[in-house]
Each structure stands twice: as structure tokens, then as C-alpha cells.
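Chemist: Pasting in a structure now, in C-alpha cells, and then I'll have a few things to ask.
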DNA sequence: TGCATAAATGAATAAACATTCACTATATTT
DNA sequence: AAATATAGTGAATGTTTATTCATTTATGCA
């Protein structure tokens, strides 16, 4: 045999891609730029990925699986409703905030020509445990008895928005701010 | 003189651009496609706009001014706080929903290489009357005394999210749903 | 240590795309 | 109705960007 492929290089490519997408969107994403930012030659990208589309789609799947892990790794549906809710809210928030790059990539991916239709459907399953939790809260008469889609929008919207804000502005998200945001989310949903 | 430039053509170009950005994002925006969708020859685009960048930036300014008008045309700060608030919330919602295409364009524009730095600053002024309204609500002890940035996030986030949802899913936004969404927003903010 | 094999390189090529331009069509003016 | 000035056209051109490939470099194995 000979040299092995290098996992660190793959990570470097992913990281470079996310960085560029954050700065310039998908329309600013160029293979030579990715290579440069990853400290590689252009051709090297084609050893690890068949082409640009493959790179983008593989990265998407990668992020999705990380997202899954981050969101539900600590989740325990057996504790009281409000604790569940709080745990998931914080997990979702941190997921988005800590990895703004990834959040922006996903946002852009979903409006790009790379998006495959099947992917769209898969995405919904990711939130299945959350839908279940909301149903439970309605049954236990703790939260408003509204369409789960609407409730979810109310929950994720401010988080996504805040994530965006935290990057462009100098709005620092302290623990206190976080708790205030959670309180507003809760007040909006609770009966 | 001779033929006049045709305002309908400019509108067709704008409309085609918005449509494509909605479907494929900025990275899917190609001059030949714009021309085709607008029912024009490629070259015609260059009669109305210097180049692609000019087209995109001009459209941005256009949308921004429409947004301004739509948001504040009915606004009357002399009525009671909750009425003001409700009026602006609905106005902002309709603005986003009715013109999903425009909302997506703006979202993408702000992550594109076309974004000029000055534009970023101007954008904030657009919301000045809203900041004032929030300050008033805090002073009158009607809403929570939190950072306006945070309050705004809580308000606009779900609206943006819902707008996105309304396109991709078959989630129909009836008057009842709208009122539920408003109620949640209000419950989140009120003291 | 040296051979075999695959990774890595980056200049060369191909493909995609923005832009131009020689030409045509049409409206306005006299 | 002819003259003319400008809009409109789309194939041709130039530029940017994705991809390939001949060559070099590094690694694992005998």
C-alpha cells in the first residue's frame, strides 16, 4: 500500500467550506478558495470528493448527523414536561449558536440548487421527538393547544434570529440574556 | 427621439430575479435565466442595468423602499401601546408573507458578496420607529424591560420562520392562525 | 533500504457564465 | 412617409471557475 487519506484534511475542507459560506454565501463558494483556505492544492479536493456537488452534499449529511447527536444526546423524555422543554430549548440554542457557521450553511443549502428533494422529507423526521414533546405538553394542559407547526415556529424562530444577530452585531449573549430569551419563549407557549 | 425604455420590462426583470432567488438562491441566479424568465433577450438586461451586480443592488434598494412604505404607511404612534404594537406586528407579518420572494431575496442578499457595508448600517435605521415603540412599552410597564434587540428577535424570528414555512409546506395561514401567532408573540413580551 | 502505490500538486483544459456587439425592429419626430 | 435614434436581439466573445492530469512527493510494506 501507500499513503492513507487524511481525516484532518477532510475536516480542513469542511471547515474552509463553512467559513466561506458564512462570509459570502453559496454564491461565493469557489473550489480554489476552499482549497486555499484549507491549505491544500485545488486538485486535492477531487481526491476526497467527486466534485463540488458531492462536497456540498456530503458536508450537509455530516452536519445533519452532528445536529442530531447534539440535540438529543442528553434528552430524557421521562422527566417532567417543563424540564424536557427547557433542556431541548437550551440544546437547540447552543447547537445553533456555537456553530453559527453550520447553521448558516444549512440555511443556504436549503435554498440552493444542491438541495435534493428527498433530503427535504428526511429533515422533518429529525424533529419527531420534539413534536411528541409538544403533544405531551398539550395533553397535560401546560402549553397552548395549537398546531405543532405553529408552536415550533414560535420556538425556533427567535433562536435562528438570535444566532444571526450574534454574528453581525456586537450583541453578547450572556447567561442572563439566554434565560430571558427562554422565559419569553416559555411565556409565549404556556397556557 | 425613439423608443422609450419600458417600466414593465424592469418589473419583469425584478420579478424573474426574485422568482429564481426564491427557488435556487443567489448561487442559482444566472443572467440568461433571468432574461428567459422575463421573456427577454439576454442583452436586454444590459440596457436596463450596467451588470449583474447593478441589477442585484438596484433591486435591493427597490425592495427596501417598498418595505419601508408597507411597514409604516398606516402607523400612528399616538394610539395606545397595544394597538400600535398590534398594528406593526400585522404589518410586518403581511409584508413578509405576501412577499415571500422579497423576504428570501433580502435574506440571501445579506449573505452574498454583493452586500455593501454601508447598506448594513442603513438597514438598522429602518427599524428606528420600532425601537421607539418598544421603549415606550417598557416605560409604560406593559412589556418586559429587556434589551430591545432581544425583544425584536423574539418578534421577528417567528414571523420570518413562518414565512419560510408557508412556502415549503402546505401549512395554510388562516386569520385564526395569524391571531394565535400574534397572541403568542404578545404573551412572550408582555409583563 | 528500496520498491510499489496512492496522495498531493498546480498548471492546463473544459465548462459555465457574464458581457459585448453587429444587427434588427420600433417608436417618435419632422 | 422618411429619417433617425434608441430599444431589443442572440450569437460571439471573454472571463471566471470547475475539473482533469502529468508529474512529484510521501507512506507503508517487503
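Residue numbers (the numbering used here), protein chains in the order written: chain A, 1 to 191; chain B, 1001 to 1191.
For glycine and all other residues, C-beta sits at the position ideal for the given N, C-alpha and C.
If you're wondering where the values come from, they're calculated on a predicted model, not measured in any experiment.
1) Within 10 Å of its beta-carbon, does residue 1011 of chain B have 16 or more other beta-carbons around it, so buried, or fewer, so exposed?
2) Just list the residues that DSSP pairs residue 143 of chain A with in beta bridges.
3) Using the Cα positions of residue 87 of chain A and residue 1129 of chain B, report the straight-line distance between them to the nearest angstrom.
4) For residue 1161 of chain B, which residues in chain A fall below 7 Å Cβ to Cβ?
5) Is there a C-beta anywhere in chain B that falls below 8 Å from the one on residue 187 of chain A?
6) With 9 Å as the C-beta to C-beta threshold (strictly closer), list the residues of the segment 74–89 of chain A near chain B in chain order.
7) Tell me the residue span of the alpha helix (DSSP H) that contains residue 1009 of chain B.
8) Rounded to the nearest angstrom, how far is the Cβ of residue 1025 of chain B from that of residue 111 of chain A, given a contact under 8 Å?
9) Who are the Cβ neighbours of residue 1105 of chain B in its own chain at under 6 Å, not counting the five residues just before and after it?
10) What residue range does the alpha helix (DSSP H) around residue 1082 of chain B cover?
11) Could you give the DSSP three-state label for residue 1108 of chain B: helix, strand or coil?
12) Of all the CB atoms in chain A, is at least one closer than 8 Å to the CB of residue 1024 of chain B?
13) Assuming residue 1188 of chain B and residue 1154 of chain B make a contact with CB atoms under 8 Å, what is their CB distance in whole Å?
14) Considering only the alpha carbon of each residue, which of B/1134, B/1149 and B/1061 lies closest to residue 181 of chain A?
15) Can you tell me where the alpha helix (DSSP H) with residue 57 of chain A in it begins and where it stops?
16) Within 10 Å of its beta-carbon, does residue 1156 of chain B have 16 or more other beta-carbons around it, so buried, or fewer, so exposed?
17) Hey, could you find the ends of the alpha helix (DSSP H) residue 36 of chain A is sitting in?
18) Could you tell me which of B/1147, B/1171, B/1174 and B/1056 sits nearest to residue 174 of chain A, measuring between CA atoms?
19) Report yes or no: is there a C-beta of chain B within less than 8 Å of the C-beta of residue 113 of chain A?
20) In chain B, which residues lie less than 8 Å from residue 181 of chain A when you measure between Cβ atoms?
21) Please list, in chain order, the chain A residues whose beta carbon lies closer than 8 Å to that of residue 1028 of chain B.
22) For chain B, check one thing: does any of its Cβ atoms lie closer than 8 Å to the Cβ of residue 171 of chain A?
23) Flag residue 134 of chain A as yes if its beta-carbon sits less than 8 Å from any beta-carbon of chain B, otherwise no.
24) Measuring only the C-alpha atoms, how far is residue 1079 of chain B from residue 1161 of chain B?
25) Look at the alpha carbon of residue 5 of chain A and the alpha carbon of residue 92 of chain A, and state the distance between them as a whole number of angstroms.
26) Against chain B, does residue 108 of chain A count as a neighbour if the rule is that its beta carbon must be under 8 Å from one of theirs?
27) Select from A/40, A/68, A/43 and A/27 the residue whose C-alpha is nearest the C-alpha of residue 1053 of chain B.
28) Return the first residue and the last residue of the alpha helix (DSSP H) that residue 987 of chain B is part of.
29) Rounded to the nearest angstrom, what separates residue 1008 of chain B and residue 39 of chain A at their Cα positions?
30) In its own chain, which residues sit with a C-beta less than 8 Å from the C-beta of residue 1151 of chain B, not counting the 5 before and 5 after it?
31) How long is the line joining the alpha carbons of residue 1103 of chain B and residue 1072 of chain B, rounded to whole angstroms?
32) If distances are taken between C-alpha atoms only, which option among A/172, A/169 and A/82 comes closest to residue 138 of chain A?
33) Is residue 1031 of chain B close to chain A? Criterion is C-beta to C-beta, closer than 8 Å.
34) At a CB distance below 9 Å, what residues from the segment 88–105 of chain A approach chain B? Give them in sequence order.
35) I'd like the span of the alpha helix (DSSP H) that includes residue 1115 of chain B, first residue to last.
36) With H, G and I counted as helix, E and B as strand and the rest as coil, what does DSSP make of residue 1076 of chain B?
Modeler: Reading from the atomic positions:
1) Residue 1011 of chain B is classed as exposed because its beta carbon has fewer than 16 other beta carbons within 10 Å across all chains shown.
2) In the DSSP assignment, the residues bridged to residue 143 of chain A are A/190.
3) Taking the straight line from one Cα to the other gives about 36 Å.
4) In chain order: 153, 156, 157 and 160.
5) Yes, residue 187 of chain A counts as interfacial toward chain B.
6) The residues in question: there are none.
7) Residue 1009 of chain B -> alpha helix (DSSP H) spans 1007–1024.
8) Residue 1025 of chain B to residue 111 of chain A, Cβ: 4 Å. Contact.
9) If we look at residue 1105 of chain B and ignore the five residues flanking it on each side, its Cβ neighbours are 1018 and 1021.
10) DSSP places residue 1082 of chain B in the uninterrupted alpha helix (DSSP H) bounded by 1081–1098.
11) In the three-state scheme derived from DSSP, where H, G and I count as helix and E and B as strand, residue 1108 of chain B is classed as helix.
12) Taking 8 Å as the CB threshold, residue 1024 of chain B lines the interface with chain A.
13) Their Cβ separation, rounded to whole angstroms, is 6 Å, which keeps residue 1188 of chain B and residue 1154 of chain B in contact under 8 Å.
14) B/1149 is the residue among B/1134, B/1149 and B/1061 whose C-alpha sits nearest the C-alpha of residue 181 of chain A.
15) Here the alpha helix (DSSP H) through residue 57 of chain A covers 52–72.
16) Buried is the call here.
17) It spans 31–38 - the alpha helix (DSSP H) in which residue 36 of chain A sits, taken as one unbroken run.
18) Ranked by how close their Cα comes to the Cα of residue 174 of chain A, the residues B/1147, B/1171, B/1174 and B/1056 have B/1147 in first place.
19) By this cut-off, residue 113 of chain A is an interface position.
20) Simply 1150, 1153 and 1154.
21) Residues of chain A whose Cβ lies closer than 8 Å to the Cβ of residue 1028 of chain B are, in chain order, 112 and 113.
22) Put simply, the CB of residue 171 of chain A is near chain B, with a gap under 8 Å to one of its CB atoms.
23) So, not an interface residue.
24) Between residue 1079 of chain B and residue 1161 of chain B, the C-alpha separation is close to 29 Å.
25) Residue 5 of chain A and residue 92 of chain A: Cα-Cα distance of roughly 33 Å.
26) Chain B contact via Cβ: present.
27) Across the set A/40, A/68, A/43 and A/27, the C-alpha of A/27 shows the shortest separation from the C-alpha of residue 1053 of chain B.
28) What is shown of chain B runs 1001 to 1191, which leaves residue 987 of chain B out entirely.
29) Rounded to whole angstroms, residue 1008 of chain B to residue 39 of chain A spans 49 Å at the Cα level.
30) Answer for residue 1151 of chain B: 1134, 1143, 1144 and 1189, listed in chain order.
31) Taking the Cα positions, residue 1103 of chain B is about 17 Å away from residue 1072 of chain B.
32) When the alpha-carbon of residue 138 of chain A is set against those of A/172, A/169 and A/82, the nearest one is in A/82.
33) No, its Cβ sits nowhere closer than 8 Å to a Cβ of chain A.
34) Listed by position, the residues of the segment 88–105 of chain A near chain B (Cβ gap below 9 Å) are 104.
35) In the DSSP annotation of this structure, residue 1115 of chain B is not part of any alpha helix (DSSP H), being labelled neither H nor E.
36) Residue state, collapsed to three classes: coil.
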